[in-house]
Amino acid sequence: MVAPAIPGPAACYPPGVALWVSFGLLAVAALVQASPLREPWQALFGLPAVFLAPGLGWARGLGRRAGMADLLRVGFDAFWLSLPAAMVGCALARVAGGGAWTLLAVAAASSVGGGLWERRSLAPMRSWLPSRAEQIGALAATLMIAVWFARSAVDIARPMDRYWFVDEPGERLQGVGMFPEGMTVVGAREWAPTGADATLTGEVTLLALRAPVGACVEIDDRPLCVEANPIEVAEEGPVWRYLDRGIATTYLSSAKHRPPLRLRFSNPQESTIYLLEDPEQIWELHDAGVLYQAHYYQLLNIVEQLRWAKERWVTDVQPPLWTWVLGPALLLTGGELPTANVLFTGVLALTAVAGLLFLRQHAPNAPAAAWLLPGLAAVVTGKLLLVPGSADMPDALYAVAIVAGLSGRAVPFGLAAQLLRYPGFVVVLLGTLITRAWREAARLTLAVVVVAGAFGLGGFLTGDLDAWLATVAWESGPEHWHGETDVSVLLGRVPAFYALWFVYSGGTLLLAAIRWPPGTRVALGTALSYSLLLCTIDHTPTHYFVPLLQLSALATACTADSFRSTAARRGLAGLAVGGLLIFWLQGVILA
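Counting from 1 along the sequence shown, just add 38 to a position and that's the residue number in this note's numbering.
Below, the structure is given as structure tokens:
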């Protein structure tokens, strides 16, 4: 009997490489940490040391034992296997101190452990390179995400204190006062005061103060102060909007403010004033990316994620996994929204890899153009979440977990999806039932029951169980349907929902449904089933559509793979690529 041959150096990289790569990433992070660089650059160079290095050795060891240690699988698994070290490092830093250095020390310990364990995993394995089609898809996705990053650089680097909410004035006001100095910004004026006192003369309709929370400017003895949680509607009470810095605005009416206006600043060194002659300049500033107009509830959504990640061990208002991901990232940089946006860019890379691994499982012979769809789905996801200000929310990673759960690993990733969004378990379970993977469905159900039971016991012991159950009940109905029971009203929302899905997915919703091979049944069948839960909700934020557009894009690749005709295969894949490309570059977000 001839023993099976072990792949040589051309087929697999030698043991120990993962450890050296991990040390390289950690060294870069340590150098950046000791340098004067701050976010977003600190996040760009440091986050791989937290979310890739600790899991590389473990991922490669597991992959070698499974015979699948190629770069795509190892890189994807390394992120998920790095999360325990990131969570432990963040917890130790909060208890014992040390900040980012404690986080990096735990990451280094996990890297060493994984590297040593990986050296013991010398089982035969497939080539370290993915297939040629997967290489094309990975290279295309890398280029697309790089282009998206460059096009979105202003949005990615924008801190919280450049988001604002301004009520439209009830009437067009005759402005008063325009300060003659300062830099012109798309028709408005941006001015940094040089002292505590100043005087306005000329034409001003709207004045905005950007400064640390608590800072004020007195306008003819009337104070305007930056608040972290101002009251917009008296019945609603305070609504969180900012962290350490923010914006306060006021309209200046000629009836109350006659020029010249006397200004007195409490903190002139850290204050910036914006002076607008016309309320329409709100949107000019918005389009230029200088000050981004968003509803105060959207600002609440952004700030809540940052506050929970900075302050809490476990959130009882949403599943906990995203807080455990965002928390270490913010600890590493000491930053806020730009760090979250760089982390989001990494999640987009995971999105593309998850799509490529799905096609490996369900459509390995898909035409070349079909392998571009995971990358396009990733950058469209970037557009749908970054533009409205939802990049620091868990939905992109939630979609990654769903796609991975439908790629042959339902139990770990179905559990991850559940720990990111409440419907996650149900969505992945639907996929296992569609494929009649009864044993996987049973194992996933048991895993979710055990984890939910553990959280329930923890909540009971800490006294938080009632709050958690109340949140689940609120999320399951009132927050999304607001008590609406009129069937005609609910059904009236359905056409608009599916129209948005069609537009955001570049038409792949319909292209995928031309035929129903097994891969399409899994992806599109799961997406359509999930959409029944979403289509009657009374609002349609873009993050609802992220899993749906990714699954419909992947389903289209599977449908294209099912044709025998070369023209049909290439034509369908080409239409899908064109549709997603058009929406990415020219599409308008409609909700």
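Using N, Cα and C, we set each Cβ at its ideal position, and we do this for glycine too.
As the structure is a computational prediction, the values presented were derived from the model and not from experiment.
Legend entry - chain D contact for Thr-389 (CB, 8 Å cutoff): As a matter of chain content, chain D is missing from the structure shown, which is built from one protein chain.
Legend entry - Where Trp-118 falls: helix, strand or coil (DSSP): Indexing the sequence shown from 1 puts residue 118 at position 80. Correct three-state label for Trp-118: helix.
Legend entry - Boundaries of the alpha helix (DSSP H) in which Val-527 is found, first to last residue: Here residue 527 corresponds to residue number 489 of the sequence shown, with the count starting at 1. Unbroken alpha helix (DSSP H) run through Val-527: 525-530.
Legend entry - Boundaries of the beta strand (DSSP E) in which Ala-234 is found, first to last residue: Looking up residue 234 in the sequence shown gives position 196. Looking at the DSSP string, Ala-234 is not in any beta strand (DSSP E), and its letter there is neither H nor E.
Legend entry - Whether Ala-598 touches Ala-404 by CB criterion (8 Å): Position 560 of the sequence shown, counted from the first residue, corresponds to residue 598. Position 366 of the sequence shown, counted from the first residue, corresponds to residue 404. In contact: Ala-598 and Ala-404 (Cβ atoms closer than 8 Å).
Legend entry - Closest residue to Thr-483 among Gly-501, Phe-463, Thr-473 (Cα-Cα distance): The residue you call residue 483 lines up with position 445 of the sequence shown. The shortest Cα separation from Thr-483 among Gly-501, Phe-463, Thr-473 belongs to Phe-463.
Legend entry - Contact the segment 78-92 vs the segment 138-152: 3+ CB pairs below 8 Å: yes
Inset, instruction - Determine the contact status of Pro-585 and Ile-440, defining contact as a CB-CB distance below 8 Å. - result: In the sequence shown, counting from the first residue as 1, residue 585 sits at position 547. In the sequence shown, counting from the first residue as 1, residue 440 sits at position 402. In contact: Pro-585 and Ile-440 (Cβ atoms closer than 8 Å).
Legend entry - Pro-366 versus Gln-356, Leu-381, Ala-534, Lys-421, residue with shortest Cα-Cα distance: The sequence position of residue 366 within the sequence shown is 328, counting from 1. Comparing Cα-Cα distances from Pro-366 to each of Gln-356, Leu-381, Ala-534, Lys-421, the minimum goes to Leu-381.
Inset, instruction - Between the Cα of Ala-550 and those of Val-55, Ala-591, Gly-252, Gly-127, spot the shortest distance and give me the residue it belongs to. - result: Reading the sequence shown from its first residue, position 512 is the one you call residue 550. The option with the nearest alpha carbon to Ala-550 is Ala-591.
Inset, instruction - Under 6 Å Cβ to Cβ from Trp-362, same chain only, skipping five residues before and after it: list those, please. - result: Residue numbering aside, residue 362 sits at position 324 when the sequence shown is read from its first letter. Met-125.
Legend entry - Between the CA atoms of Tyr-436 and Glu-318 - distance to the nearest angstrom: Within the sequence shown, the letter at position 280 stands for residue 318. Within the sequence shown, the letter at position 398 stands for residue 436. Going by the C-alpha atoms only, they are around 37 Å apart.
Inset, instruction - Give me the Cα-Cα distance between Phe-498 and Ala-505, rounded to the nearest whole angstrom. - result: Position 460 of the sequence shown, counting from 1, holds the residue named residue 498. Position 467 of the sequence shown, counting from 1, holds the residue named residue 505. Taking the straight line joining both Cα atoms gives about 10 Å.
Inset, instruction - Indicate whether Ala-56 and Gly-151 have their beta-carbon atoms separated by less than 8 Å. - result: Residue 56 sits at position 18 when you count from the first residue of the sequence shown. Residue 151 sits at position 113 when you count from the first residue of the sequence shown. Taking 8 Å as the Cβ cut-off, Ala-56 and Gly-151 do not qualify as a contacting pair.
Legend entry - Residue of Ser-149, Arg-111, Trp-118, Gly-101 minimising C-alpha distance to Leu-63: By one-based count along the sequence shown, residue 63 stands at place 25. The alpha carbon of Leu-63 has as its nearest neighbour, out of Ser-149, Arg-111, Trp-118, Gly-101, the alpha carbon of Ser-149.
Legend entry - Where the beta strand (DSSP E) through Gly-284 begins and ends: Position 246 of the sequence shown holds residue 284. Run containing Gly-284: 283-289, per the beta strand (DSSP E) assignment.
Legend entry - Residue of Ile-269, Arg-398, Ala-249, Leu-457 minimising C-alpha distance to Tyr-335: Numbered from 1 along the sequence shown, position 297 holds the residue referred to as residue 335. When only C-alpha atoms are compared, the closest one is Ile-269.
Inset, instruction - Measure from the alpha carbon of Asp-235 to the alpha carbon of each residue in Ala-134, Tyr-536, Pro-197, Pro-306, then state which is nearest. - result: Walking along the sequence shown from the start, residue 235 turns up at place 197. Looking at the Cα atoms, Pro-306 is the closest of the given residues.
Legend entry - Nearest to Gly-446 (by Cα), restricted to the options Ala-392, Arg-283, Asp-524, Trp-278: Position 408 of the sequence shown, counted from the start, is the residue given in the question as residue 446. When only C-alpha atoms are compared, the closest one is Ala-392.
Legend entry - Backbone secondary structure at Thr-243 - three-state DSSP: Within the sequence shown, the letter at position 205 stands for residue 243. Three-state DSSP puts Thr-243 in coil, outside helix and strand.
Inset, instruction - Can you have a look at Ala-480 and say buried or exposed, based on whether 16 or more other CB atoms are within 10 angstroms of its CB? - result: Counted from its first residue, the sequence shown places residue 480 at position 442. Counting Cβ neighbours within 10 Å, Ala-480 comes out exposed, since fewer than 16 surround it.
Inset, instruction - Assign Pro-585 to one of three DSSP states: helix, strand, or coil. - result: The count along the sequence shown starts at 1 and reaches residue 585 at position 547. When secondary structure is reduced to three states using DSSP, Pro-585 falls in the helix class.
Legend entry - Complete alpha helix (DSSP H) runs within the segment 534-592 (minimum length 4 residues, chain order): 546-549, 556-572
Legend entry - Glu-219 versus Cys-263: straight-line alpha-carbon distance, rounded: By one-based count along the sequence shown, residue 219 stands at place 181. By one-based count along the sequence shown, residue 263 stands at place 225. Unreliable positioning characterises Glu-219 in this predicted model, as indicated by a pLDDT of 47, which lies under 50. The coordinate reading is nonetheless provided below. Rounded to the nearest whole angstrom, the CA to CA distance from Glu-219 to Cys-263 is 23 Å.
Inset, instruction - Look up Phe-601 in the DSSP assignment and say whether it is helix, strand or coil. - result: Taking the sequence shown and counting its residues from 1, one reaches residue 601 at position 563. Here Phe-601 sits in coil by DSSP.
Legend entry - Three-state class that DSSP yields for Val-438 in the structure shown: Numbered from its first residue, the sequence shown carries residue 438 at position 400. Note: Val-438 maps to helix in three-state DSSP.
Inset, instruction - State the start and end residues of the unbroken beta strand (DSSP E) segment that holds Leu-63. - result: Residue numbering aside, residue 63 sits at position 25 when the sequence shown is read from its first letter. From DSSP, Leu-63 is part of no beta strand (DSSP E) but of the alpha helix (DSSP H) over 55-72.
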